[in-house]
Amino acid sequence: MNYFKIWLAGARYSLARTLMFRGDFFIWSMVELLWMGVNLLLVAVIYQHTPSIAGWTEYEMVILVGTGMLVQRLLMGFFWTNLFELGRNVRTGAFDFFLSQPGHPLFMASTRKLDPDGLANSFVALGVVIFAVHKLNLHPSFIDIVAYGLVILAGLAIHYSILVLTMALSFWLTSTSGIEGTYFALTEFSRLPRGAFNGFARLVFVWILPLVVVSNTPSEILLHGFKFSWALSLIGLAILWLTLAIFVFNRGLKRYASASS
Amino acid sequence: MIAVFTKYKQAFILGLQSNLVYRWNFLARGVFSLLHLVAAFILWGAIFTIKPTIGGFNLAQTITYFITLIILQFFIGAFNEDFQISEEIRNGLINQFILKPINYYLYRFSVFIAARLVSGALVLIPLIIILPWIGNYLALPHELWRYVYAMPAMVMAAIIQFTIAYCFGMLSFWFLDIQGFVILSFAIETALGGQTFPLDLMPKAIFHIAQFLPFFYQMYFPAAIITGRIGPELIVQGFIIQAFWVLFLLIAAQLLWIRGLKRHTAVGG
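Same order as they appear, the protein sequences are chains F and R. Read in the working numbering, the first sequence has 1722 at position 226, and its numbers run on one by one without any break. Read in the working numbering, the second sequence has 163 at position 99, and its numbers run on one by one without any break.
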């Protein structure tokens, strides 16, 4: 409850800030919108030449890409700026500020700011998914929709954990500029169907790093209905990754020695 | 003339040295692009399982296109030149260029060439390491003229890439933060420059329109010449349009510089 109040205060501050810099909000919304457009364009162009990719038809693929975008936009909206700044703050010593706050440093450091443009675009991503569901004439049941929402949250937790693990490297390394590029390079895989992965790639991107599962599982729920085992395994994975991220972050925290000035 | 050359040669050497400092950074970026290559390989590998050719090209030719793009990107692509220029404008470093007989554009361009030589050489390292695995997928055409024509196309593409970045940097005279603009244009460049898919796979009408945009010439054009995706019939037209964009962007860059300096106030001493 206390944490929720802290979060709400941060959210209110971020909204007020956005209203101050409306031009920025507009440009960043356009940025994210365009990037989603690029991904959809790729789908549109490829399906000009083929009826299916690894068994996925065009609008099934749009659901997959839209779902991947939805998870990513939520991450952008809630956590990205905070975690991106984490790396810089650890290097400059500005991270001290979070240690003195009333809550676990990871919570405080990852929820300070909201990005309303990311959140606005998560509605666009959701719109893309709904559009494709409509095009395919699918009628997901109430349970399917609830399950979809739940596994999206689990997916968000997994993305968040991977980003925390990446940025926590800054506790050990002195220069981590550009390290966030790792995350973007990896998310490219989340827009691909599970069936396209074979051999070693399957082991790495489907089993070791669950990025592919994060987008594929919710999409499959919409397409083929809710299967208890899928959802449960994704939620299990989310808990596993979150625990790992918190563990590594705490270990890093012990190494943090601030910066002298 | 020789004095002018010596002047910018110094800038070039300086750029070489300062970019060698970031060799690990470039190497890491090279490894990231391999991830991009793996993703392209998985996606296109899946697409080609049910069709032997797409747009007239097989899997190996398509993968070769993406490998060529990566190499080109590290040799002629603009990386963070826009942010560097923006930094120099905002913290007043450009003031020294106003006072000295040095052209800021030529100075930055010399540094850019040096930076690309370093990053280009570094991206070859991970590519050579994975050569045993990708060797089977390298399918380059054997016509010699392609490599001859690719040279001027690459040089002009480099000028287009750098000058676009330079123009975005110039926006710092008017705006506090240019990051939004840069990433916005990056999205357009990624799609219309042919980074996500070979542009010739687009519907004919759109491909035709894309040929008149500058993005077509900053990456796709040289890559398509090298990998055989553009035939001789499009090359002359391509060079004319590419030269037009080079000229257009150079003029725009110069105008932005002149206009920007009028707004600029050099503070401090």
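Quick reminder that beta carbons are idealized off the backbone N, C-alpha and C, glycines included. Computed from a predicted structure; not experimentally measured.
Item, Value
"Contact set between the stretch 1507 to 1541 of chain F and chain R, restricted to residues whose Cβ is under 7 Å from the partner", "D1520, I1523, W1524, M1526, V1527, L1530, W1531, V1534, L1537, L1538, V1541"
"Segments assigned alpha helix (DSSP H), at least 4 residues, entirely inside the stretch 152 to 211 of chain R", "159 to 163, 168 to 193, 195 to 198"
"Contact the stretch 1680 to 1693 of chain F vs the stretch 1706 to 1713 of chain F: 3+ CB pairs below 8 Å", "yes"
"Reduced DSSP category for I118 of chain R - H, G, I as helix; E, B as strand; rest coil", "strand"
"Which listed residue (R:A178, R:E297, R:F261) has its alpha carbon closest to that of T132 of chain R", "R:F261"
"Under the three-state DSSP convention, the category I135 of chain R falls into", "helix"
"Per-residue burial, V310 of chain R [other beta carbons within 10 Å of its own, 16 or more giving buried]", "buried"
"Chain F within 8 Å of A288 of chain R, Cβ atoms only", "no"
"Test: H1635 of chain F CB closer than 8 Å to a CB of chain R", "no"
"Touching by the beta-carbon criterion (3+ pairs, under 8 Å), the stretch 1602 to 1621 of chain F and the stretch 1521 to 1536 of chain F", "yes"
"Segments of 4+ residues assigned as alpha helix (DSSP H) that fall wholly inside the stretch 1691 to 1729 of chain F", "1695 to 1698, 1707 to 1720"
"Within 9 Å of chain R by C-beta, residues of the stretch 1718 to 1736 of chain F in sequence order", "none"
"Own chain residues within Cβ distance below 8 Å of I242 of chain R, not counting five before or after", "D146, F147, S150, F232, G233, L235, S236"
"Alpha helix (DSSP H) segment containing G1564 of chain F, residue limits", "1554 to 1571"
"Boundaries (first-last residue) of the alpha helix (DSSP H) holding Q39 of chain R", "Residue 39 of chain R lies beyond the range of chain R shown here (65 to 333); nothing can be said about it."
"Beta-carbon proximity check, M218 of chain R vs P286 of chain R, cutoff 8 Å", "yes"
"Nearest candidate by alpha-carbon position, reference E1554 of chain F, set F:K1631, F:T1514, F:G1506", "F:K1631"
"Cβ distance (whole Å) where V175 of chain R is taken to contact G79 of chain R below 8 Å", "3 Å"
"Delimiting residues of the alpha helix (DSSP H) encompassing N1585 of chain F", "1577 to 1588"
"Short CB-CB distance (under 8 Å) between E1684 of chain F and chain R", "yes"
"N-terminal and C-terminal residue of the alpha helix (DSSP H) that G324 of chain R is part of", "296 to 327"
"CA-to-CA distance, Q259 of chain R to W108 of chain R, given in whole angstroms", "14 Å"
"Selection from R:N144, R:F161, R:A142 that minimises the alpha carbon distance to K71 of chain R", "R:F161"
"Chain-ordered neighbours of F261 of chain R on chain F, where CB pairs are closer than 9 Å", "L1537, L1538, V1541, I1542"
"Any 3 or more C-beta pairs closer than 8 Å across the stretch 265 to 282 of chain R and the stretch 208 to 225 of chain R", "yes"
"CA-to-CA distance, N1585 of chain F to V1534 of chain F, given in whole angstroms", "32 Å"
"Between the CA atoms of V1541 of chain F and K268 of chain R - distance to the nearest angstrom", "11 Å"
"Burial state of G333 of chain R, where buried means 16 or more other Cβ atoms lie within 10 Å", "Caution is warranted here: a pLDDT of 47 is assigned to G333 of chain R, below 50, making its placement in the model unreliable, and the coordinate value is therefore given only provisionally. With fewer than 16 other Cβ atoms within 10 Å, it is exposed."
"Span of the alpha helix (DSSP H) around S1754 of chain F", "Counting along the chain, S1754 of chain F falls outside any alpha helix (DSSP H), and DSSP gives it neither H nor E."
"For T1546 of chain F and K115 of chain R, believed in contact at Cβ under 8 Å, the rounded distance", "6 Å"
"Contacts that H1545 of chain F makes with chain R (C-beta to C-beta distance below 8 Å)", "I111, K115, I118, G119, L265"
"For I111 of chain R, the three-state DSSP class (helix, strand or coil)", "helix"
"Cβ contact check for the stretch 135 to 145 of chain R and the stretch 299 to 308 of chain R: 3 or more pairs under 8 Å", "no"
"Nearest candidate by alpha-carbon position, reference A1590 of chain F, set F:V1620, F:M1532, F:F1667, F:L1659", "F:F1667"
"Short CB-CB distance (under 8 Å) between G1583 of chain F and chain R", "no"
"Chain R contact for T1713 of chain F (CB, 8 Å cutoff)", "no"
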